[in-house]
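Working notes, structure below.
In this note's numbering, the protein residues as written are -7 to 147.
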C-alpha cells in the first residue's frame, strides 16, 4: 500500500519553549475535516485543497506536525498502516550551506498524507514515527527488502 504524496506546510520560525515535538492524528470524516483550521502560513491553500479533495468513503488523512531545527530539512519517506496502527518514517538532512538559518531556532512542519484506506481513529491502538539522518534511502531499502521477502513467502 502506498499513500499519496504529502502536502507540507511551514510555520514561521518558533523560539518558544518546547511543548511537544510531534503531534499526529487521523481525519476520517468530512465533518472532522471541516473542523480543521489553517494558519496563515506557506502552503495553506494547497493544504486546504488537499483536505477538500479527499474522498472519506475510501480514504483517510493523517495529519502529523513536528518541530525541526531550522538548519535541517525533514522529508517524509514512508507511511505504513493497518486497521489498528500507523507509522511514519522521516529522513533529516542539513540544509545547504547557502541557506541562512539559526542553530537554536525551530520550525513547525505539518504533513497531510492521504491514506488510500478507511481507518477508524477509535480503533488505532498504536502509532509511531522513526527518523534517519540523511535521505530516505535507508527506509526505501528496508521496505524493498520487506516487499521482496513477502513476495517470496507468497509463492
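Using N, Cα and C, we set each Cβ at its ideal position, and we do this for glycine too. Note that the coordinates shown come from a computational prediction; the quantities given were computed from them, not determined experimentally.
Residues of its chain near residue i, where Cβ-Cβ distance is below 6 Å and the 5 sequence neighbours each way are ignored
| i | result |
| --- | --- |
| residue 60 | 66, 99, 101 |
| residue 16 | 56 |
| residue 123 | 82, 84 |
Distance between residue j and residue i (C-alpha atoms, nearest Å)
| i | j | result |
| --- | --- | --- |
| residue 74 | residue 64 | 30 Å |
| residue 93 | residue 114 | 40 Å |
| residue 31 | residue 39 | 10 Å |
| residue -1 | residue 56 | Reliability of the predicted coordinates at residue -1 is poor, the pLDDT of 49 falling under 50, and the value obtained from them is presented with this limitation in mind. For residue -1 and residue 56, the distance between alpha carbons rounds to 11 Å. |
| residue 43 | residue 140 | 33 Å |
| residue 28 | residue 145 | 42 Å |
| residue 116 | residue 20 | 12 Å |
| residue 129 | residue 88 | 19 Å |
| residue 34 | residue 136 | 33 Å |
| residue 118 | residue 79 | 8 Å |
| residue 76 | residue 26 | 24 Å |
Exposure of residue i, with buried meaning 16 or more beta-carbon neighbours within 10 Å
| i | result |
| --- | --- |
| residue 120 | exposed |
| residue 105 | buried |
| residue 91 | exposed |
| residue 36 | exposed |
| residue 18 | buried |
| residue 2 | Only weak support is given to the placement of residue 2: the predicted model assigns it a pLDDT of 45, under 50, and the value that follows is read from those uncertain coordinates. Counting Cβ neighbours within 10 Å, residue 2 comes out exposed, since fewer than 16 surround it. |
| residue 52 | buried |
Residue i: CB within 8 Å of a non-hydrogen atom of the ligand FAD
| i | result |
| --- | --- |
| residue 97 | Of the ligands one can find in the structure shown there are none, so the ligand FAD has no counterpart to examine. |
Expected contact under 8 Å - CB spacing of residue i and residue j to nearest Å
| i | j | result |
| --- | --- | --- |
| residue 48 | residue 68 | 21 Å between Cβ atoms; not a contact. |
Cβ-based neighbour list, residue i, same chain, cut-off 8 Å, excluding 5 preceding and 5 following
| i | result |
| --- | --- |
| residue 95 | 61, 62, 63 |
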